[in-house]
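Just below is one structure, and these are the notes that go with it.
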Amino acid sequence: MVQSSLPLSVANTTTTTRSKPPTRPIPFPLRIQTITPSPLLAQQPWLADLTRMINDSFAKPATTDIKFSADRLHTNTQLIEELGEKASTVVAFDESSSLSTGGLTEGETPTNYIVGTASIKDWVDDGLWLPVPPQALSSSSSLPLGDTGAPFICPGDLEISIVAVRPGVEYRKRGIAEKLVRECEQEAIRRMKQDVQSHQNQEQRDGGPLRIRLMVKVVKEMNGPYWLNRGFEIIGQRFCPTGMWGANIDFTLWAMVKVLIVQNLKNDD
1 MVQSSLPLSV ANTTTTTRSK PPTRPIPFPL RIQTITPSPL LAQQPWLADL TRMINDSFAK
61 PATTDIKFSA DRLHTNTQLI EELGEKASTV VAFDESSSLS TGGLTEGETP TNYIVGTASI
121 KDWVDDGLWL PVPPQALSSS SSLPLGDTGA PFICPGDLEI SIVAVRPGVE YRKRGIAEKL
181 VRECEQEAIR RMKQDVQSHQ NQEQRDGGPL RIRLMVKVVK EMNGPYWLNR GFEIIGQRFC
241 PTGMWGANID FTLWAMVKVL IVQNLKNDD
């Protein structure tokens, strides 16, 4: 199913969103589509373009402190394989691009110009996270390497995964990623709403508030502050050596959570 954006509201969250840095306006008409389930991506003529855009985005992060030389995706089907059968993928298109709207000769067909993507899938944890020292949560310095406690599992429901925006000043810091993440949050609410309607959860049947633990795995040095500014909290960490994923330096991977609390879904039409 390919669907357009649908307005769904979040009543509140258990975290307090920090002050966000200002974003510049998007200088082109943006179209957002959600592909559900993700295996339908295989039917899209722009799947190869999506793979290239994701690899370009990860190869050219906004920060200059860390670089990854390895491609994020090695095949066009790897994204589908990683996400699983029940995932949803949100894709943003620049509709003003000459690749999609102009310069066509007779017999040619438009090519969608992809500028961003994000996906939402079931959260699966390997239980290898380490605790985060309280003093590290308010510090911008690197966390110390080494064991800080016994590994544990971070509980979660759904994960926002593979968030990527095309490199370039016309696309970065324009709020595109935020729009994609917001659509993923709405998709999470859609899924839980379906659970309410099918009476799969006792708390939901009783009309209680619905809590969704929305997870994300973040390279701290690349975009940790971005997710902190959007209401996600650090609940686990792991230390990754130089060379992992082609990284040029040691880096820290964070597990982060944002708890969505949605009221009165039982009677929502």
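Counting from 1, position 90 in the sequence shown corresponds to residue 90 in the working numbering; the numbering is continuous, with no gaps. We put the CB at the ideal spot given by N, CA and C, even for glycine.
For Q186, the three-state secondary structure derived from DSSP is helix. The stretch 151-168 makes no contact with the stretch 243-251; the number of CB pairs closer than 8 angstroms stays below 3.
One alpha carbon belongs to V132, the other to L228, and they sit about 14 angstroms apart.
Here the alpha carbon of F58 sits roughly 14 angstroms from the alpha carbon of K217. CA-CA distance, I26 to M222, rounds to 23 angstroms. Annotation for F93: L30, R31, I32, Q33, S100, N112, Y113, I114, V115 place their beta carbon closer than 8 angstroms to its own, counting only its chain and skipping 5 residues before and after.
In summary, T242 is exposed, with fewer than 16 beta-carbon neighbours lying within 10 Å of its beta-carbon over all protein chains present. L41 is classed as buried because its beta carbon has at least 16 other beta carbons within 10 Å across all chains shown. Note: A118 is bridge-paired with V90 in the DSSP secondary-structure output.
If you ignore the 5 residues before and after S119, its C-beta comes within less than 6 angstroms of the C-beta of L83, A87, T89, S161, I162, all in its own chain and listed in chain order. Excluding the 5 residues flanking it on each side, E85 has same chain C-beta neighbours closer than 7 angstroms at P37, P39, in chain order. In the structure shown, E221 falls within a helical segment according to DSSP collapsed to helix, strand and coil.
Rounded to the nearest angstrom, the gap between the Cα atoms of E170 and K179 is 15 angstroms. Per the coordinates, the alpha-carbon of W123 lies some 31 angstroms from the alpha-carbon of G168. Around the beta-carbon of I176, 16 or more other beta-carbon atoms lie within 10 Å, marking it buried. Per the coordinates, the alpha-carbon of W129 lies some 5 angstroms from the alpha-carbon of G236. The bridge partners DSSP lists for G236 are A255. For Q33, the uninterrupted beta strand (DSSP E) segment begins and ends at 30-35. Around the beta carbon of G224, a 10 Å sphere encloses 16 or more other beta carbons of the protein chains shown; the residue is thus reported as buried.
In the DSSP assignment, R213 forms a beta bridge with V259.
Contact check for L260 against L214 passes: the beta carbons are separated by less than 9 angstroms. As the crow flies, the alpha-carbon of T51 is around 20 angstroms from that of E159.
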